[in-house]
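Respectively, the protein sequence lines represent chains B and L. According to this note's numbering, the first sequence is numbered sequentially starting from 8. According to this note's numbering, the second sequence is numbered sequentially starting from 83. Just so it is clear, CB atoms sit at the ideal spot from N, CA and C, and this is done for glycine as well. Here the structure is laid out as structure tokens; the discussion comes afterwards.
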Amino acid sequence: MNNELVPQNNPEQSLPSPGDSSEQRLMFTPPIDIYESEEGLVLVADLPGVTLENLELQVQDNKLTLFGRVNRYVPEGLMGQHEEYGVGDFLRSFILSDEVDHERISAKLNHGVLRVILPKASRGEPRKINIDEGE
Amino acid sequence: MPVFRWGNAWDAFRDLEREVDRLMGSMDFTLQGVRLGRTFPAVNLYEYDDHYLLTSELPGMKKSDLDLSIAQGILTLKGNRTADDVPDSSYRRSERYRGQWQRSLNLPDRVMEEGLKAELTNGILKITLPKAPEVTPRQIPIQEGGE
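Have a look at this one:
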């Protein structure tokens with residue numbers, strides 16, 4: 008089993024503080040795909056309604072976190088006549104292994120879909136270790 | 083006198099069936115918050131004074147991927163969400179919807195089909211459906227019937 012990128016199911020973590028804390032916001036875990044490509048691992052996440060300004064992608068230690076804020080585009084307080092989804096923000100985090108080159112992670116957001124490319128860390132040349140002869 | 087009667091035996095099964103149904107119904111199979119295995123795309127409908135607003139989450143869809151049509155009070159959304167061009171064997175995880183989809187929605191009555199407006203931004207589709215002006219109730223004269 009490969010574990011370069013392990014999704015976490017932990018929406019109840021400390022959330023990035025929203026501008027207005029009095030506002031009640033919903034949080035969702037976006038569906039994702041992860042596949043291997045020549046460039047490395049590709050993480051694809053559905054983030055409908057998220058714009059570039061409202062998207063935070065962060066690597067801290069070995070954790071990759073994506074957080075997308077969705078500006079409410081439906082009337083406040085008005086219940087839908089028919090509602091199949093709630094409008095809220097998106098949060099999901101992943102554990103990265105050392106196999107991923109943390110410095111070269113790149114991302115693109117297109118029509119509400121985020122693509123993160125996680126290149127594999129290049130393995131260094133084997134280094135010869137000198138052994139000094141003891142006395 | 084029969085010791086075993088089918089009638090009663092089936093009753094027991096029915097009880098069991100009911101019990102299982104009740105149990106299943108009370109369980110929540112969905113992973114909390116994870117948007118998986120749902121109807122794609124999800125649609126909401128809101129009512130304003132003079133129009134309806136229909137919204138839908140269509141991440142990754144471009145205008146050219148989307149086909150909207152309206153006929154006889156039924157709005158049909160159609161599209162195809164193509165996956166990235168990689169073999170299935172490269173996938174480690176696949177949660178996102180892919181492929182053809184279609185949804186037909188019965189519109190609330192009295193909507194002006196000509197006034198319909200649709201916009202697609204950042205994977206959110208918004209369709210504005212103006213309500214038709216209220217039709218004044220027509221009085222039906224009643225004539226007194228002769229003898």
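is_contact[Leu71 (chain B), chain L] using C-beta, thresh 8 angstroms: no
Within chain B, partners of Leu150 (chain L) - CB distance below 8 angstroms: The contacting residues do not exist; Leu150 (chain L) stays about 16 angstroms from chain B at best.
Contact test: Leu198 (chain L) Cβ vs the ligand ADP heavy atom, cutoff 7 angstroms: The ligand ADP is not among the ligands present in this structure, which contains no ligands whatsoever.
Min CB distance Ser44 (chain B) to chain L below 8 angstroms: yes
Contact with chain B by Arg192 (chain L), beta-carbon distance below 8 angstroms: no
Partners in chain B for Asp166 (chain L), counting only beta-carbon separations shorter than 9 angstroms: Asp40, Tyr42, Ser44, Val49, Val51 and Arg122
Those residues which DSSP pairs with Asn78 (chain B) across a bridge: Asn78 (chain B) pairs with nothing; no bridge assigned.
Cross-chain neighbours of Ala124 (chain L) in chain B, by beta carbon under 7 angstroms: Glu91 and Tyr92
Under 8 angstroms between C-beta atoms of Phe97 (chain B) and Gly119 (chain B): no
Positions along the stretch 130-161 of chain L whose CB lies within less than 8 angstroms of some CB in chain B: Tyr130, Tyr134, Leu135, Thr137, Glu139, Leu140, Pro141, Gly142, Met143 and Lys144
CB contact below 8 angstroms: Ser176 (chain L) versus chain B: yes
Members of the stretch 180-206 of chain L near chain B, C-beta cut-off 9 angstroms: Arg180, Leu187, Pro190, Leu202, Thr203, Asn204, Gly205 and Ile206
Cβ of Leu127 (chain L) within 8 angstroms of any chain B Cβ: yes
Residue environment, Val102 (chain L), which counts as buried when at least 16 other CB atoms sit within 10 Å: exposed
Ser100 (chain B) beta carbon less than 8 angstroms from that of Leu71 (chain B): yes
Alpha carbon of Pro215 (chain L) to alpha carbon of Val193 (chain L), nearest angstrom: 9 angstroms
Classification of Arg178 (chain L) by the beta-carbon crowding that lies within 10 angstroms, buried from 16 upward: buried
Pick from L:Leu136, L:Asn162 and L:Gly155 that is closest to Leu148 (chain L), judged by C-alpha positions: L:Asn162
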